[in-house]
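*Asks:* Pasting a structure below so you can have a look.
Chains as they are written, first to last, in the working numbering: chain E, 252 to 536; chain D, 252 to 536.
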């Protein structure tokens, strides 16, 4: 029985993944809203950065003094043929360079699922390994750590065939045995809270390999496999406990609220969303 | 890359989990339909057995010559207080006796999720371990093996906090170190297909501990976390590969089709459903 109480987080550690306000805000509006609410970190997405322009995005983030906790996202390696896999690699190379321009602390890597029509999960996972191996040197050269994010097993088929921290860390061991920090993981409580090995694998990851910590909540019931995440505190995840584990492993970075919520939070005003994130971060994270 | 071809299954190995036809059939209708289609195995559910009467159910199954591949279901151990946990144990004891009366090859154990209002996943898992420990002797005495079924991690909060074969087998090791077959696992491809450790954990389970093999398919997209399973062949699971692994481990039992499908198969005529199960079992399993 876990009855340990945890210290509340430092409010300055809150960051917002821009997907949380994606329906109401473009890049400029997101940055302005974060300043308005004195939130110090952002994780922008490629589509919004492209829309605003890469250099302009970098400037507005820099001018606002925001930490870029991660850049979303690259990966998506598996494809039906060599051409598709090469296109994925090219996209990854560009994303690495964009992440460098933005000064991102890491580039978030979502593995990708099964190629259309395929049932070859083992093959898809080999493509992920090979793809990561192809881009790692460029990422290292650009000073952009790659944060491989295991996604929840319910997203294995169509989004990401890397589904546990153990699996992600096995890939880190294989591809970056030096453990220099060029390849690590993003720990999103939504994806990993259920994992019986979570504590052990967070310990295994350690400070060098925990490149991001994402927060939201698991709702009961959950109505959609992708777009029904909860605000921190509205679900069943013991966020303080998981935070205590990443902190015990040495993680000192920000806590990035990332809430895909098509029917609820995406429909609300950005100020309400950010005020709620701040309050919940202090009270239940 | 998996390119190995597998032998088709023996058609006589097909069994039907009664949930697959639950909306169209009571116990009698299910048994009659299985006879009509010369399907040799059934896995009945407690509610339908209670409705038809336990002894009458046992007689109709026996008269039809059906193998009872499993009895669904017991478990559901976590509860908010001692009284709730005791009620769960009492239900489990009754289910064990019913399974014995029915001549079931095993009693399917679904762990149960978080008690209402709780975020204590570690505590819930301890309740599962303790509950299994409480009922195991009675099950052994009744000659009813307990088949702990890890459910997909997306069902962790509300249905089952045992979510991987590794976790289930760790419990088996802890509670039944003799490996005599009193406690084992049910391998349902829907719940475990995504697991990077699947092959290794099936090997680890071995013949003694694989008490059931359940088939259906993972649809892309999946519209509901519980009731949108696919007919074998309509999704992305490489069923023959997983079957080859359980067979390599020594499993020689039946292949139980268990399809929760509120919007599709549950709405169809039982004959159509069973004919399709038979065809798909031969062609894609």
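Yeah, the Cβ is synthetic: ideal placement off N, Cα and C, and Gly gets one too.
Let's see if you can read the secondary structure: which residues bound the beta strand (DSSP E) around residue 507(D)?
*Replies:* Walking along the second chain from the start, residue 507(D) turns up at place 256. Looking at the DSSP string, the run of the beta strand (DSSP E) that includes residue 507(D) is 506-508.
*Asks:* Looking at C-alpha atoms only, which residue of 464(E), 535(E), 513(E) and 516(E) is the closest neighbour of residue 501(E)?
*Replies:* For the purposes of this step, residue 501(E) is identified with residue 250 of the first chain, where counting begins at 1. Closest in alpha carbon position to residue 501(E), among 464(E), 535(E), 513(E) and 516(E), is 464(E).
*Asks:* Alpha carbons only, please: which of 260(D), 281(D) and 359(D) is nearest the one belonging to residue 524(D)?
*Replies:* As a first step, residue 524(D) must be located in the second chain, where it is residue number 273. With distances taken between Cα atoms, residue 524(D) lies closest to 281(D).
*Asks:* Below 9 Å between beta carbons is the criterion; list the residues of the segment 408-424 of chain D that meet it against any residue of chain E, in chain order.
*Replies:* 408, 409, 412, 413, 414, 415, 417, 418 and 421
*Asks:* Just mark residue 370(D) as buried or exposed, buried being the case when its beta carbon has 16 or more other beta carbons within 10 Å.
*Replies:* Position 119 of the second chain holds residue 370(D). Label assigned to residue 370(D): buried.
*Asks:* Please return the same chain residues whose Cβ sits closer than 7 Å to the Cβ of residue 393(E), not counting the five positions on each side in sequence.
*Replies:* By 1-based counting over the first chain, the position of residue 393(E) is 142. Setting aside the 5 residues that flank it on each side, residue 393(E) is surrounded in the same chain by 347, 348 and 351, each with a C-beta closer than 7 Å to its C-beta; the list follows chain order.
*Asks:* Measuring straight from C-alpha to C-alpha, what distance separates residue 252(E) and residue 378(D)?
*Replies:* On the first chain, position 1 is the one that residue 252(E) refers to. On the second chain, position 127 is the one that residue 378(D) refers to. The pLDDT assigned to residue 252(E) is 40, lower than 50, so where the model puts this residue is not dependable; a value taken from the coordinates is nonetheless given after this. Distance from the CA atom of residue 252(E) to the CA atom of residue 378(D), rounded to whole angstroms, is 10 Å.
*Asks:* From the DSSP output, in three-state form, read off residue 453(D) for me.
*Replies:* Position 202 of the second chain holds residue 453(D). Residue 453(D) falls in the helix class under three-state DSSP.
*Asks:* For a test of the three-state rule: what should DSSP assign to residue 439(D), helix, strand or coil?
*Replies:* What you label residue 439(D) is simply residue 188 of the second chain in a count that begins at 1. Strand.
*Asks:* Name, please, each residue of chain D whose Cβ falls closer than 8 Å to the Cβ of residue 488(E).
*Replies:* Looking up residue 488(E) in the first chain gives position 237. Per Cβ cutoff of 8 Å: 370.
*Asks:* How far does the beta strand (DSSP E) with residue 466(D) in it extend, from its first residue to its last?
*Replies:* Counted from its first residue, the second chain places residue 466(D) at position 215. That run of the beta strand (DSSP E) goes 461-466.
*Asks:* How far does the beta strand (DSSP E) with residue 323(D) in it extend, from its first residue to its last?
*Replies:* The residue you call residue 323(D) lines up with position 72 of the second chain. Where residue 323(D) is concerned, the enclosing beta strand (DSSP E) stretches over 322-326.
*Asks:* Tell me the DSSP secondary structure of residue 252(E) in three-state form.
*Replies:* On the first chain, residue 252(E) is found 1 positions in, with the first residue counted as 1. Confidence in residue 252(E) is poor, its pLDDT being 40 and thus under 50, which makes the residue's placement unreliable; the coordinate value appears in the next sentence. Coil, per DSSP.
*Asks:* Using a Cβ cut-off of 7 Å, pull out every chain E residue sitting near residue 471(D), in sequence order please.
*Replies:* Stepping through the second chain from its first residue, residue 471(D) is reached at position 220. Going along chain E in sequence order, the residues near residue 471(D) (Cβ under 7 Å) are 408 and 409.
*Asks:* Given that residue 404(E) touches chain D, what residues does it touch there, using C-beta distances under 8 Å?
*Replies:* Taking the first chain and counting its residues from 1, one reaches residue 404(E) at position 153. Simply 403, 404, 405, 445 and 446.
*Asks:* Would you kindly check if the distance between the Cβ of residue 412(D) and the Cβ of residue 376(D) is under 9 Å?
*Replies:* Along the second chain, read from residue 1 onward, the residue named residue 376(D) stands at position 125. Along the second chain, read from residue 1 onward, the residue named residue 412(D) stands at position 161. Cβ atoms of residue 376(D) and residue 412(D): closer than 9 Å.
*Asks:* Pick helix, strand or coil for residue 534(E), following the three-state DSSP scheme.
*Replies:* Your numbering for residue 534(E) matches position 283 in the first chain. In this structure, residue 534(E) counts as helix in the three-state DSSP scheme.
*Asks:* Contact between the segment 417-432 of chain D and the segment 443-463 of chain D: three or more CB pairs below 8 Å?
*Replies:* By the criterion of at least three beta-carbon pairs nearer than 8 Å, the segment 417-432 of chain D is in contact with the segment 443-463 of chain D.
*Asks:* Just how far apart, CA to CA, sit residue 450(E) and residue 514(E)?
*Replies:* Position 199 of the first chain, counting from 1, holds the residue named residue 450(E). Position 263 of the first chain, counting from 1, holds the residue named residue 514(E). C-alpha separation (whole angstroms): 32 Å.
*Asks:* Quick one: does residue 376(D) have its CB under 9 Å from some CB of chain E?
*Replies:* As a working note, residue 376(D) is residue 125 in the second chain. Closer than 9 Å to some Cβ of chain E, the Cβ of residue 376(D) qualifies, so yes.
*Asks:* Can you find a C-beta in chain E that's less than 9 Å from the C-beta of residue 399(D)?
*Replies:* Locating residue 399(D) in the second chain gives position 148, where the first residue counts as 1. No, residue 399(D) lies away from the interface with chain E (no Cβ there is under 9 Å from its Cβ).
*Asks:* How far does the beta strand (DSSP E) with residue 308(E) in it extend, from its first residue to its last?
*Replies:* Residue numbering aside, residue 308(E) sits at position 57 when the first chain is read from its first letter. Taken as a continuous stretch (DSSP letters only), residue 308(E) belongs to no beta strand (DSSP E), being part of the alpha helix (DSSP H) at 305-314.
*Asks:* With a cut-off of 9 Å, does the C-beta of residue 265(E) fall near any C-beta of chain D?
*Replies:* Numbered from 1 along the first chain, position 14 holds the residue referred to as residue 265(E). Output row for residue 265(E): interface = no.
*Asks:* Using a C-beta cutoff of 9 Å, does residue 358(E) count as contacting chain D?
*Replies:* Within the first chain, the letter at position 107 stands for residue 358(E). So, not an interface residue.
*Asks:* If you count every other CB in all the chains shown that lies within 10 Å of the CB of residue 254(E), and 16 or more means buried, which is it?
*Replies:* On the first chain, residue 254(E) is found 3 positions in, with the first residue counted as 1. At residue 254(E) the pLDDT is 45, less than 50, meaning the model places this residue with poor confidence and gives no usable figure here.
*Asks:* Report yes if the CB atom of residue 360(D) is closer than 9 Å to the CB atom of residue 324(D), and no otherwise.
*Replies:* Start at 1 with the first residue of the second chain, and residue 360(D) comes out as number 109. Start at 1 with the first residue of the second chain, and residue 324(D) comes out as number 73. Against a cut-off of 9 Å, the Cβ pair of residue 324(D) and residue 360(D) comes out as a contact.
*Asks:* Determine, using beta-carbon pairs with one atom in the segment 301-321 of chain D and one in the segment 503-510 of chain D, whether at least three such pairs fall under 8 Å.
*Replies:* yes
*Asks:* So is residue 526(D) buried or exposed if we call it buried at 16+ other beta carbons inside 10 Å?
*Replies:* The sequence position of residue 526(D) within the second chain is 275, counting from 1. Exposed, because fewer than 16 other Cβ atoms sit within 10 Å of the Cβ of residue 526(D).
*Asks:* Reducing DSSP to helix, strand and coil, say where residue 375(E) ends up.
*Replies:* By one-based count along the first chain, residue 375(E) stands at place 124. The answer is helix: DSSP assigns residue 375(E) an H, G or I state.
*Asks:* Are residue 300(E) and residue 284(E) close, meaning C-beta to C-beta below 9 Å?
*Replies:* Here the question's residue 300(E) lines up with position 49 in the first chain. Here the question's residue 284(E) lines up with position 33 in the first chain. No; because the gap between Cβ atoms is not below 9 Å, this pair is not in contact.
*Asks:* When the Cα of residue 403(E) is compared with those of 308(D), 476(D), 311(D) and 290(D), which residue comes out closest?
*Replies:* Here residue 403(E) refers to the residue found at position 152 of the first chain. Nearest of 308(D), 476(D), 311(D) and 290(D) to residue 403(E), Cα basis: 476(D).
*Asks:* For residue 496(E), collect the residues of the same chain with a Cβ closer than 8 Å to its Cβ; drop the 5 residues on either side in sequence, then sort them by chain order.
*Replies:* To locate residue 496(E), count along the first chain from 1; it is residue 245. Here the set comprises 449, 450, 453 and 454.
*Asks:* When you compare the CB of residue 383(D) with every CB in chain E, is at least one pair closer than 9 Å?
*Replies:* Your numbering for residue 383(D) matches position 132 in the second chain. Cβ-Cβ to chain E under 9 Å: no for residue 383(D).
*Asks:* What residues from chain D crowd round residue 434(E), counting only those whose CB sits closer than 9 Å?
*Replies:* Taking the first chain and counting its residues from 1, the one referred to as residue 434(E) is at position 183. Chain D residues near residue 434(E): none, gap ~17 Å exceeds 9 Å.
*Asks:* Would you call residue 478(D) buried or exposed, if buried means 16 or more other Cβ atoms sit within 10 Å of its Cβ?
*Replies:* Sequence index remark: in the second chain, residue 478(D) carries index 227 (1-based). Label assigned to residue 478(D): exposed.
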